[in-house]
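These notes are about the structure you will find just below.
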């Protein structure tokens with residue numbers, strides 16, 4: 006009687022230790038840290054008169070940081086790909102071979118099911134497989150110089166892959182979303198932002214049904230109804246808590262209407278961009294067969310380009326005038342005005358989040374990101390009670406429980 010119990014325990018532990026669940030957990034902590042850091046750095050100038058940074062400058066720095074990290078990631082992918090396929094191929098074949106990573110079937114975290122174990126339908130297949138493994142010692146490998154040349158050529162082919170053009174639209178959507186997030190967190194409390202931002206789940210589902218032709222179970226649609234109730238209750242409860250604590254020194258300051266509108270806008274933009282990215286990352290067409298890291302390089306490059314153009318158009322050419330008048334050193338100092346260690350930490354956290362989202366979308370889907378959203382919602386609520394003297398009401402707690410329950414119901 007003990008064997009089934011031990012087997013179930015082992016299976017559950019194996020599922021909990023899966024790579025997918027690891028990335029989802031990291032994304033949850035990243036979401037909570039990013040929201041709290043963004044809100045805290047935006048609110049400091051109201052309380053202590055600290056120098057306030059320019060939002061578009063921070064967004065540009067996080068895209069540049071993500072671009073550098075994606076380039077390193079792409080180089081590692083190319084090196085591993087060439088090393089795995091150098092047997093029985095010359096330098097030309099190693100360069101033009103299509104990466105296997107792009108057309109693997111996406112996986113999903115399912116608690117309670119063991120990972121599939123490779124099997125063979127007959128002893129002859131098993132013997133044939135062992136013979137193939139034994140023959141590896143007889144293969145001819147590329148020399149170190151040839152491998153280095155192949156890696157360089159393959160890397161540049163990835164950078165100029167035809168899939169780069171497809172990243173223009175999601176990059177524009179993500180760039181606008183980042184600006185809306187900073188505007189929202191400058192006006193509303195982080196937990197209210199997190200709860201309202203969960204509406205992107207429903208918007209994402211609508212986009213997936215309309216554009217990706219996905220179908221969902223009745224249980225999943227019921228979870229959405231519960232989610233709408235939870236979001237509404239949490240919004241009302243959060244607002245009541247803020248009004249009842251007007252005399253509190255640590256009360257959050259800002260325009261609630263502007264913050265909620267910016268949050269809804271960021272949710273819509275995020276949903277549209279995420280559905281597009283999932284479709285591109287999982288596409289099996291020839292024009293989209295490139296590494297996930299390659300697509301992230303293109304996405305980061307276009308996002309940084311959009312933000313830079315937005316800054317130039319917004320300044321009306323004042324940046325070049327200021328540069329010629331004050332010099333390079335003073336212009337750089339003025340550009341990074343308000344950047345301290347917390348702001349740079351925010352840049353790093355947001356950049357890591359972009360990489361984690363790409364991995365989760367590639368090997369899972371947009372709905373699985375709700376695991377991370379639910380955990381980050383609880384984390385940000387716990388931390389907000391200390392940072393902003395936020396006293397959650399009963400209605401707010403019910404809304405949070407309902408939202409997290411809806412997320413769990415959808416994924417069970």
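Residue numbers (my numbering): 6 to 417.
Ideal Cβ positions, reconstructed from N, Cα and C, are used throughout, including at glycine.
Could you tell me the alpha carbon to alpha carbon distance between residue 333 and residue 49, rounded to whole angstroms? 29 Å
If we ignore side chains and look at the alpha-carbon of each, how far apart do residue 309 and residue 43 end up? 19 Å
Note down, one range per segment and in chain order, each alpha helix (DSSP H) of at least 4 residues found wholly within the region 195-241. 195-202, 204-216
Do residue 272 and residue 204 count as a contact pair if the criterion is CB distance below 7 Å? yes
Presumed contact (8 Å Cβ cut-off) between residue 31 and residue 361, rounded CB distance: 6 Å
Could you compute how far the alpha carbon of residue 288 sits from the alpha carbon of residue 280? 12 Å
When you compare each of 84, 286, 344, 301 to residue 75 by their alpha carbons, which one comes out closest? 301
Quick check: what's the CA-CA separation for residue 213 versus residue 229? 14 Å
From 221, 187, 290, 291, pick the residue whose C-alpha is nearest to that of residue 265; which is it? 187
Close Cβ partners of residue 41 (< 8 Å) along its chain, the five nearest in sequence each way excluded: 195, 385, 388, 389, 392
Complete alpha helix (DSSP H) runs within the region 339-395 (minimum length 4 residues, chain order): 346-368, 374-392
Could you pull out every residue in the same chain whose Cβ sits closer than 6 Å to the Cβ of residue 355, ignoring the five residues on either side in sequence? 39, 67
Below 7 Å between beta carbons: does that hold for residue 163 and residue 79? yes
Exposure of residue 297, with buried meaning 16 or more beta-carbon neighbours within 10 Å: buried
Straight-line gap, residue 60 to residue 311 (C-alpha atoms, nearest Å): 14 Å
Find the nearest neighbour of residue 183 within the set 406, 351, 404, judged by alpha-carbon distance. 351
Using C-beta distances below 7 Å, list every residue in its chain close to residue 277, excluding the 5 sequence neighbours before and after it, in chain order. 178, 212
Extent of the continuous alpha helix (DSSP H) to which residue 277 belongs: 261-286
Rounded C-alpha distance that separates residue 111 from residue 337: Low local confidence applies: a pLDDT of 39 at residue 111 is under 50, so the model's placement there is unreliable, with the coordinate-based value given in what follows. So the two alpha carbons sit approximately 44 Å from each other.
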